[in-house]
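Peer 1: Same order as they appear, the protein sequences are chains A and B. To convert, note that position 27 of the first sequence is 699 in our numbering; the numbers rise steadily by one, no gaps. To convert, note that position 214 of the second sequence is 319 in our numbering; the numbers rise steadily by one, no gaps.
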Amino acid sequence: MELNRCAKCSEEFVFKRAVCPKCGSQEFTKALVTGAVALDSVHLIATPEPFPDDYSVVLFEAQGGARGFCRTTFEVKRGDRLKIKDDENGPVCEPE
Amino acid sequence: MVSIAAANFARFGKREEDIFAISSESALPIVDKYRDAIDFVVVSNSYSGEFNDISGLNNLLTTHLAMDSVPSMRVDNTSGSGGSAVLVAKSLVASGEAENVLVIGAEKMTGYPTKRSTRIIASLLPPEERLGGPSLPSLAAFMTRSYIREFSPSRESIAKVAVKNHHNGALNPYAHFQSEVSLEKVMTSKVIADPLRIFEYCPVSDGAVSLLVTSEENSRSFGSKSARITGAGASSGTSSITARESLVSIDSVRESARKAFRASGKSPGDMDIAELHDMASILEIVESEDVGFFKKGEGWKALETGETSIDGRFPINTSGGLNSKGHPIGASGVAQTAEIYLQLTGQAGKRQVKNAATGFSVSMAGFGNNSTSFVYEVD
Numbered sequence: 673m674e675l676n677r678c679a680k681c682s683e684e685f686v687f688k689r690a691v692c693p694k695c696g697s698q699e700f701t702k703a704l705v706t707g708a709v710a711l712d713s714v715h716l717i718a719t720p721e722p723f724p725d726d727y728s729v730v731l732f733e734a735q736g737g738a739r740g741f742c743r744t745t746f747e748v749k750r751g752d753r754l755k756i757k758d759d760e761n762g763p764v765c766e767p768e
Numbered sequence: 106m107v108s109i110a111a112a113n114f115a116r117f118g119k120r121e122e123d124i125f126a127i128s129s130e131s132a133l134p135i136v137d138k139y140r141d142a143i144d145f146v147v148v149s150n151s152y153s154g155e156f157n158d159i160s161g162l163n164n165l166l167t168t169h170l171a172m173d174s175v176p177s178m179r180v181d182n183t184s185g186s187g188g189s190a191v192l193v194a195k196s197l198v199a200s201g202e203a204e205n206v207l208v209i210g211a212e213k214m215t216g217y218p219t220k221r222s223t224r225i226i227a228s229l230l231p232p233e234e235r236l237g238g239p240s241l242p243s244l245a246a247f248m249t250r251s252y253i254r255e256f257s258p259s260r261e262s263i264a265k266v267a268v269k270n271h272h273n274g275a276l277n278p279y280a281h282f283q284s285e286v287s288l289e290k291v292m293t294s295k296v297i298a299d300p301l302r303i304f305e306y307c308p309v310s311d312g313a314v315s316l317l318v319t320s321e322e323n324s325r326s327f328g329s330k331s332a333r334i335t336g337a338g339a340s341s342g343t344s345s346i347t348a349r350e351s352l353v354s355i356d357s358v359r360e361s362a363r364k365a366f367r368a369s370g371k372s373p374g375d376m377d378i379a380e381l382h383d384m385a386s387i388l389e390i391v392e393s394e395d396v397g398f399f400k401k402g403e404g405w406k407a408l409e410t411g412e413t414s415i416d417g418r419f420p421i422n423t424s425g426g427l428n429s430k431g432h433p434i435g436a437s438g439v440a441q442t443a444e445i446y447l448q449l450t451g452q453a454g455k456r457q458v459k460n461a462a463t464g465f466s467v468s469m470a471g472f473g474n475n476s477t478s479f480v481y482e483v484d
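#1: Where do the ends of the alpha helix (DSSP H) carrying ALA199/B lie?
#2: Taking only beta-carbon positions, decide if GLY404/B is within less than 8 Å of chain A.
#3: Would you call the region 347–363 of chain B and the region 324–335 of chain B touching, i.e. three or more CB-CB distances under 8 Å?
#4: Report back the beta-carbon spacing between ILE387/B and ALA280/B to the nearest angstrom; my notes put them in contact at under 8 Å.
#5: My understanding is that SER357/B touches GLY438/B, with C-beta atoms under 8 Å, so please give their C-beta distance in whole angstroms.
#6: Three Cβ pairs or more, each shorter than 8 Å: is that satisfied between the region 685–696 of chain A and the region 110–118 of chain B?
#7: Rank SER345/B, ALA368/B, LYS330/B and GLY237/B by C-alpha distance to the C-alpha of LEU449/B and give the top, closest one.
#8: Buried or exposed: ASP123/B, going by 16 or more other Cβ atoms within 10 Å of its Cβ?
#9: Would you check if the distance between the CB atom of VAL730/A and the CB atom of PHE741/A is smaller than 8 Å?
#10: Would you call the region 127–142 of chain B and the region 181–200 of chain B in contact, with 3 or more CB pairs under 8 Å?
#11: Starting from PHE700/A, find everything on chain B with Cβ-Cβ shorter than 8 Å and list it in chain order.
#12: Return helix, strand or coil for ASP758/A, following the three-state DSSP convention.
#13: How many Å lie between GLY185/B and ILE225/B at the Cα?
#14: Just verifying my parser: in three-state terms, what is the DSSP assignment at VAL467/B?
#15: Helix, strand or coil for ASP356/B per DSSP?
#16: Is GLY751/A buried or exposed, if buried means 16 or more other CB atoms sit within 10 Å of its CB?
#17: Do three or more CB pairs link the region 263–277 of chain B to the region 418–426 of chain B at distances below 8 Å?
#18: Within 10 angstroms of the Cβ of LEU704/A, are there 16 or more other Cβ atoms? Answer buried if so, exposed if not.
#19: Three Cβ pairs or more, each shorter than 8 Å: is that satisfied between the region 158–165 of chain B and the region 290–308 of chain B?
#20: Please name the residue or residues paired with ASN475/B in a DSSP beta bridge.
#21: Three-state secondary structure (DSSP) at SER177/B?
#22: Within 10 angstroms of the Cβ of GLU289/B, are there 16 or more other Cβ atoms? Answer buried if so, exposed if not.
#23: Determine whether the Cβ of VAL147/B lies closer than 8 Å to any Cβ atom of chain A.
#24: What are the start and end residues of the alpha helix (DSSP H) that includes HIS169/B?
#25: Pick from LYS401/B, PHE366/B, SER414/B and ASN182/B: whose alpha carbon is nearest that of PHE465/B?
#26: Of the residues HIS271/B, ARG456/B and MET248/B, which one's Cα is nearest the Cα of ILE346/B?
#27: For LYS702/A and ILE756/A, what's the separation of their Cα atoms in angstroms?
#28: Near ALA264/B, which residues of its chain fall below 7 Å by C-beta distance, leaving aside the five closest residues on each side in sequence?
#29: Any residues in the region 211–225 of chain B with a beta carbon nearer than 8 Å to a beta carbon of chain A? Which ones, in chain order?
#30: List, in chain order, every chain B residue whose beta-carbon is nearer than 7 Å to that of ASP716/A.
#31: Take TYR446/B and list the residues in its own chain whose beta-carbon comes closer than 6 Å to its own, dropping the five residues that flank it on each side.
#32: Look at the alpha carbon of ASP141/B and the alpha carbon of LEU207/B, and state the distance between them as a whole number of angstroms.
#33: If you run the structure through DSSP and keep just helix, strand and coil, what is GLY454/B?
#34: Using the beta-carbon of each residue, which ones in chain B are nearer than 8 Å to VAL709/A?
#35: Determine the closest residue to PRO231/B out of SER344/B, ALA267/B, ILE415/B and SER372/B, with distance taken between C-alpha atoms.
#36: Any idea what DSSP makes of LYS406/B, helix, strand or coil?
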């Protein structure tokens with residue numbers, strides 16, 4: 673899973689932006705998510721297309737402070753360190 | 106001063122008719138009475154393209170109503186479309202651009218599998234966040250879990266929002282759900298996004314509601330019962346949920362309410378009734394705190410004491426709220442204004458709150474991406 677990193681101030685975020693909200697730079701690079709830790713997890717029964725019918729959504733925070741969501745079919749608890757990779761629909765994760 | 110001079114509902118729920126029939130059912134009683142005076146039509150609708158394969162709904166509706174030459178616009182601001190439409194209508198009248206504005210809030214959403222509807226509604230999330238699989242209901246579940254961790258409410262107090270609002274909805278002939286639910290039934294119903302259960306979420310609904318927004322002077326000359334909009338406030342926050350500092354507070358709700366109260370010269374404690382955007386049970390509690398009705402972390406206590414019940418000190422969501430009345434997205438914010446109007450003018454039937462003279466509503470887009478608040482008064 674990739675993050676967007678501001679080329680000037682190194683602020684990282686999942687959401688792709690045209691302007692860095694911290695320093696106003698318009699130059700970005702890509703960075704891989706590292707050191708992700710689960711902040712919370714919600715087991716979801718009514719899921720949107722194109723995802724499967726039953727999974728949990730994990731809110732995580734990466735090492736540099738960026739936060740994002742990933743799907744999992746594993747039991748994930750707050751504070752768990754996560755391995756994140758991409759499947760055909762987006763990021764999926766599991767406890768390390 | 107801008108006033109609401111009429112309001113009319115087409116029942117919310119699963120409707121067989123198309124969006125034109127539902128919209129005209131709500132609008133015709135007003136159009137029949139004020140046709141010659143209406144000089145602008147504002148249509149609140151968010152998903153006619155996705156659900157109905159229709160674009161340009163405003164012009165199609167004015168033609169449907171034989172108001173072909175009346176200027177119109179469609180306002181799309183997701184779940185907050187209705188509040189934005191009322192704000193646009195208020196601004197048109199206040200600026201003198203129009204004198205008498207017909208606002209029609211309408212949405213036709215049923216007939217699709219839940220997975221498809223959930224996808225359409227989740228399309229308001231930032232694309233990179235959507236890839237992680239969240240739905241709007243799952244965001245409410247994250248909020249609930251954070252709220253429970255931070256403030257230790259009883260789980261039942263959150264579920265009691267659904268009990269209260271289904272009670273109110275059962276008194277509202279235009280509500281999607283027309284029956285009460287017990288706390289036990291809510292607490293044993295199907296989990297949708299842990300820990301929230303199906304009765305704690307609004308249903309997918311069709312429905313429409315119409316208003317006449319005009320000046321106080323015109324309202325008097327029409328001989329209409331009217332309620333004044335004495336304060337309005339719009340505010341925006343980030344659409345990136347993961348970028349928010351807190352999941353137990355909604356900045357746009359807090360700021361739009363602050364602006365509306367400042368404009369009106371009133372305070373939260375001056376209000377007799379309120380309509381809040383309870384897409385999920387937890388949202389009524391969090392918004393009731395952000396607006397200033399209760400201290401942060403204490404809104405849930407009002408559910409335990411009955412303070413926000415229809416016969417309580419400060420009734421919230423007398424209409425049944427989105428939770429029971431339903432959430433036809435473009436109609437919801439307009440319906441909040443309509444409910445306050447009906448209450449303040451003594452036209453709310455079995456759910457009438459005695460002597461209500463002031464009211465508040467907050468219409469929220471997305472999961473708090475932006476909000477529009479109003480303060481209303483009658484003499």
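For each residue, glycine too, the CB sits at the ideal point set by N, CA and C. Because the structure is a prediction, the values reported are computed rather than measured.
Peer 2: So, from the listed chains and residues:
#1: 186–200
#2: no
#3: no
#4: In fact, because the Cβ distance is near 21 Å, the residues do not count as touching under 8 Å.
#5: Not a contact, Cβ separation roughly 13 Å.
#6: no
#7: LYS330/B
#8: exposed
#9: yes
#10: no
#11: Those within 8 Å of PHE700/A in chain B number zero; the least Cβ separation is about 13 Å.
#12: strand
#13: 16 Å
#14: strand
#15: helix
#16: exposed
#17: yes
#18: exposed
#19: no
#20: SER341/B and ALA470/B
#21: strand
#22: exposed
#23: no
#24: 162–169
#25: PHE366/B
#26: MET248/B
#27: 16 Å
#28: LEU288, VAL291, MET292, GLU305 and SER386
#29: THR219, LYS220, ARG221, THR223 and ARG224
#30: With the sequence shown as reference, residue 716/A is identified as Leu, and Asp is not the correct amino acid for it. SER240, SER243 and ALA298, listed in chain order.
#31: ILE109, ALA112 and ALA332
#32: 12 Å
#33: helix
#34: The premise fails here: VAL709/A is roughly 13 Å from chain B at the closest Cβ pair, so nothing lies under 8 Å.
#35: SER344/B
#36: helix
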